[in-house]
Amino acid sequence: MDRLSRSVSRVVGALALACLVVLAGAPSAVAADRASISYVESSGDRLEILVSVPPGVEVDLDAVGVTIDGEPADTTAVDAASATQVRRTAVLVMDTSNSMRGARFEGAQNAARAFLDSVPDDVFVGIVSFAGTVTEALEPTLDRDAARAVVDSLELSRKTRLYEAVLAAVTMAGDDGQRNLVVLSDGADTTDTPLTSVTEAISGQDVLVDVVSVRAKAKPDPSLLALAEAGEGAVIGADAADLAAAFSAEAEVLARQILVTARIPAVVEALEATVAVSLPVGEDTLSARAFTTLRTAGEPDPPGVLPSASDDWSVPAWTMYAGVAGVGVGLIALLVLLVPPSTPHPMSAERRVATYTERLGGRQGPEAAKRESDPALAQAKQAAATVLGRSGGLEQRIAVRLEGAGSNLRPAEWLLVHTAIFAGSGAVGLLLGAGSLLTGIFFLVLGAVLPWIYLGLRQSRRRKAFNASLPDTLQLMSGSLAAGLSLQQSVDTIVREGVEPIGSEFKRVLVETRLGVSLEDAFDGVAERFDSKDFAWVVMAIKIQRQVGGNLAELLETVAGTMREREYMRRQVDALAAEGKLSAWVLGGLPPVFLLYLVVANRDYVMPLFTEPLGWLMLLGAGVLLSLGVFWMSRLIKVEV
64 MDRLSRSVSR
74 VVGALALACL
84 VVLAGAPSAV
94 AADRASISYV
104 ESSGDRLEIL
114 VSVPPGVEVD
124 LDAVGVTIDG
134 EPADTTAVDA
144 ASATQVRRTA
154 VLVMDTSNSM
164 RGARFEGAQN
174 AARAFLDSVP
184 DDVFVGIVSF
194 AGTVTEALEP
204 TLDRDAARAV
214 VDSLELSRKT
224 RLYEAVLAAV
234 TMAGDDGQRN
244 LVVLSDGADT
254 TDTPLTSVTE
264 AISGQDVLVD
274 VVSVRAKAKP
284 DPSLLALAEA
294 GEGAVIGADA
304 ADLAAAFSAE
314 AEVLARQILV
324 TARIPAVVEA
334 LEATVAVSLP
344 VGEDTLSARA
354 FTTLRTAGEP
364 DPPGVLPSAS
374 DDWSVPAWTM
384 YAGVAGVGVG
394 LIALLVLLVP
404 PSTPHPMSAE
414 RRVATYTERL
424 GGRQGPEAAK
434 RESDPALAQA
444 KQAAATVLGR
454 SGGLEQRIAV
464 RLEGAGSNLR
474 PAEWLLVHTA
484 IFAGSGAVGL
494 LLGAGSLLTG
504 IFFLVLGAVL
514 PWIYLGLRQS
524 RRRKAFNASL
534 PDTLQLMSGS
544 LAAGLSLQQS
554 VDTIVREGVE
564 PIGSEFKRVL
574 VETRLGVSLE
584 DAFDGVAERF
594 DSKDFAWVVM
604 AIKIQRQVGG
614 NLAELLETVA
624 GTMREREYMR
634 RQVDALAAEG
644 KLSAWVLGGL
654 PPVFLLYLVV
664 ANRDYVMPLF
674 TEPLGWLMLL
684 GAGVLLSLGV
694 FWMSRLIKVE
704 V
């Protein structure tokens, strides 16, 4: 149901009623030649239009015409009382507070009875009474005897819950068809219910509201005027003796309605348009116009009309899922195309040594063997290895990062995992963003960057663990050498008794020495993988001792003591700089995080920053200043030990 411009008809009725009550029957010039559209309901390719006509007017129903957006429409018209297509509901809201005692209350009951006698038989009538409490005395019904019995049983009590009663009446009127409220009251509300909540409910539910104020000569209360204005009605003043005439006039408004049914022309493609109704009355013609909704965006076009192009066209929801599925199929096809022929790919000497080292070093467990036995997975890894082989030094860089992070994955396996994460993050971004390309690209960037960040974090954590346990390892090696063991035997002691990651790295040193690599070169490999300057000095000391001689046990013990002192100093410096580091993180991260929050929570507020040239300059300036601040803070809190 659509909200229409119906104030004209309600004002006309109010003027006619005011003249009836105050001027005792003087004619109304305004009401004599005006008609108005009270209600329009769209059903498929048809419109059901309720038109209110002035009193005493005889309309030629066979000659009624309708134009929609200027195009003539096939039209039929009948008396609304004889039609069943559109439901009409009227709810009486009766004031039963103590201020209505005496002639006012008796007049109110007589007015309600007069309304029931005059209202058309097809109109559903409900009754709500209010005083200290709100009573939904009668649900809308066609049973007039039940309504009269309710009116006879009304009793007075204290207070005036006007607003709550109107809200209850709006709910009682329902959602279908034309709905009218006739409110009878002599005063203002006495509760804490805000008037705005009542007017918003009236406007939102598209309910017509007329108010009969039992203050014929006094100015109506402003709250009653606000209720009538929200319902596009009028406030009608009446004395107790004139209430019956006022309610009878309200009932006659419903009796003077015509139901016009018009078929929407096939050439009219708009969702909203102006509807004009012409009503022949003898030699004259009355007219009424209203701008209304013809069909909702989800409804199909009338038969014979092709869908028209629109600037507001949006991608259907199913295309988003089809796009995600298409991306997945494309990735699978790409992997299939990259799979080399079935001829065995020769393994390089370096790869054979690495494989042998992994197996002897215990880095390939049963799960890895199971993966190797899967033909599909083996083919995919072989295709990834072929891609890496064509990319120059990419395989070597990935291998260094994986070794530094302590991962058992090979570069080809890592490439497959990274590709899957990249594609999966893009699909998740499209789903979460409801097909938004910007959100999909953002998640793709996350899928490309986060795996490398994860490897970097693991590598950093492993390097810190290595450096932290290095002094104890050197102490253990010094003790082993002092006990008469050789350097290689002391390394084997570390393998059996050392902690991770030193235990696994020294085990790899032993494996490499079995393949012919010198012990010093194997140690150099450990220092390179962990980028450890401390261990590089230890290796240098071992090389010098082997060339010039000396007590290696004493040398390692001295180096271990020095490392302990440096580690102690490093931790002290980290503790003192922790507050500065936290401040740098907070001050550097708060502006972009808060901007991201505003983009999500109040997008319209911050969008000028991204759409206006001045906003671009502001973002650029803020980014430059923030970058300078972060740079200087990082220089201040960074202390080399």
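Be aware that the sequence shown starts at 64, since it is given in the numbering used here, and climbs by one per residue. Beta carbons are placed, not taken as given, at the ideal position from N, Cα and C, and that holds for glycine.
Residue i, buried or exposed, once every other Cβ within 10 Å from all chains shown has been counted against 16
{"i": "PRO117", "result": "buried"}
{"i": "LEU691", "result": "exposed"}
{"i": "ALA623", "result": "buried"}
{"i": "ASP347", "result": "exposed"}
{"i": "SER405", "result": "Residue confidence is low: SER405 scores 41 on pLDDT, short of 50, so the model does not pin down where it sits. Its coordinate-derived value is still stated next. Under this definition SER405 is an exposed residue."}
{"i": "ILE516", "result": "exposed"}
{"i": "ILE265", "result": "buried"}
{"i": "THR259", "result": "exposed"}
{"i": "GLY467", "result": "buried"}
{"i": "ASN243", "result": "buried"}
{"i": "SER328", "result": "Correcting the residue identity first, residue 328 is Pro in this sequence and not Ser. Counting Cβ neighbours within 10 Å, PRO328 comes out buried, since at least 16 surround it."}
{"i": "ASN614", "result": "exposed"}
{"i": "PHE673", "result": "exposed"}
{"i": "ARG559", "result": "exposed"}
{"i": "ILE607", "result": "exposed"}
{"i": "THR337", "result": "exposed"}
{"i": "LEU86", "result": "Because the pLDDT of LEU86 is 30, which lies under 50, any placement of that residue in the model is unreliable, and the question is left without a value."}
{"i": "MET681", "result": "exposed"}
{"i": "GLU675", "result": "exposed"}
Close Cβ partners of residue i (< 7 Å) along its chain, the five nearest in sequence each way excluded
{"i": "VAL602", "result": "GLU583, PHE586, ASP587, ALA590"}
{"i": "LEU699", "result": "GLY643"}
{"i": "ARG326", "result": "ASP108, ARG109, ALA136, ASP137"}
{"i": "GLN320", "result": "SER101, LEU113, VAL114, SER115, ALA143"}
{"i": "LEU661", "result": "TYR668, VAL669"}
{"i": "PHE598", "result": "LEU533, VAL589, ALA590"}
Beta strand (DSSP E) segment containing residue i, residue limits
{"i": "VAL272", "result": "271 to 276"}
{"i": "GLY189", "result": "187 to 193"}
{"i": "ILE100", "result": "99 to 106"}
{"i": "GLY519", "result": "Careful: GLY519 lies outside any beta strand (DSSP E), inside the alpha helix (DSSP H) at 500 to 545."}
{"i": "ARG109", "result": "109 to 115"}
{"i": "GLU121", "result": "Here GLU121 belongs to no beta strand (DSSP E), and DSSP marks it neither H nor E."}
{"i": "LEU201", "result": "197 to 204"}
{"i": "PRO343", "result": "335 to 344"}
{"i": "VAL554", "result": "No beta strand (DSSP E) holds VAL554; the alpha helix (DSSP H) holding it covers 550 to 560."}
{"i": "ARG176", "result": "From DSSP, ARG176 is part of no beta strand (DSSP E) but of the alpha helix (DSSP H) over 166 to 181."}
{"i": "ALA136", "result": "134 to 136"}
{"i": "ALA153", "result": "151 to 158"}
{"i": "VAL330", "result": "Unbroken run through VAL330: none, as it is neither H nor E."}
Own chain residues within Cβ distance below 8 Å of residue i, not counting five before or after
{"i": "PRO654", "result": "ALA685, LEU689"}
{"i": "VAL149", "result": "TYR102, GLU104, GLU111, LEU113, ALA143, GLY240, GLN241, LEU322"}
{"i": "ILE187", "result": "Reading off the sequence, residue 187 comes out as Phe, not Ile. Result list for PHE187: ARG150, ARG151, THR152, ALA153, PRO203, THR204, LEU205, in chain order."}
{"i": "PHE472", "result": "According to the sequence displayed, residue 472 carries Leu and not Phe. Cβ within range, chain order: LEU465, VAL480."}
{"i": "VAL122", "result": "VAL116, ALA140, ILE321, LEU342, PRO343, VAL344, LEU349"}
{"i": "GLU134", "result": "PRO328, VAL330, VAL331"}
Among the options, the one whose alpha carbon lies nearest that of residue i
{"i": "THR253", "options": "LEU290, GLY195, GLN268", "result": "GLY195"}
{"i": "ARG221", "options": "LEU478, SER160, ALA329, PRO135", "result": "SER160"}
{"i": "VAL316", "options": "VAL463, PRO676, VAL272", "result": "VAL272"}
{"i": "PRO564", "options": "ILE605, ASP535, THR576", "result": "ASP535"}
{"i": "MET163", "options": "THR502, SER248, VAL512", "result": "SER248"}
{"i": "GLY165", "options": "LEU219, ALA126, ALA175", "result": "LEU219"}
Sequence-distant residues of its chain with Cβ nearer than 6 Å to residue i (five each side left out)
{"i": "ARG526", "result": "PHE593"}
{"i": "LEU619", "result": "LEU537, MET540, SER541"}
{"i": "VAL197", "result": "ARG224, GLU227, ALA228, ALA231"}
{"i": "SER553", "result": "MET540, SER543, LEU544"}
{"i": "TRP695", "result": "none"}
{"i": "VAL687", "result": "none"}
{"i": "LYS193", "result": "The amino acid at residue 193 is misidentified as Lys; the sequence shows Phe. These residues qualify, in order along the chain: ARG224, ALA228."}
{"i": "VAL745", "result": "Beyond the ends of the chain as shown, which are 64 and 704, falls residue 745; an answer cannot be given."}
{"i": "GLY189", "result": "VAL154, LEU201, GLU202, PRO203, MET235"}
Endpoints, alpha helix (DSSP H) assigned at residue i
{"i": "PRO676", "result": "676 to 700"}
{"i": "THR482", "result": "474 to 495"}
{"i": "VAL35", "result": "No information on residue 35 is available, as it lies outside the stretch 64 to 704 that the chain covers here."}
{"i": "LEU349", "result": "Run containing LEU349: none in the alpha helix (DSSP H); it sits in the beta strand (DSSP E), 347 to 356."}
{"i": "ALA325", "result": "Not the alpha helix (DSSP H): ALA325 falls in the beta strand (DSSP E), residues 320 to 326."}
{"i": "GLU292", "result": "285 to 293"}
4 or more residues per run - each alpha helix (DSSP H) lying fully within the segment 565 to 626: 565 to 577, 582 to 593, 596 to 611
In chain order, each alpha helix (DSSP H) run of at least 4 residues that lies wholly inside the segment 200 to 258: 207 to 215, 225 to 236
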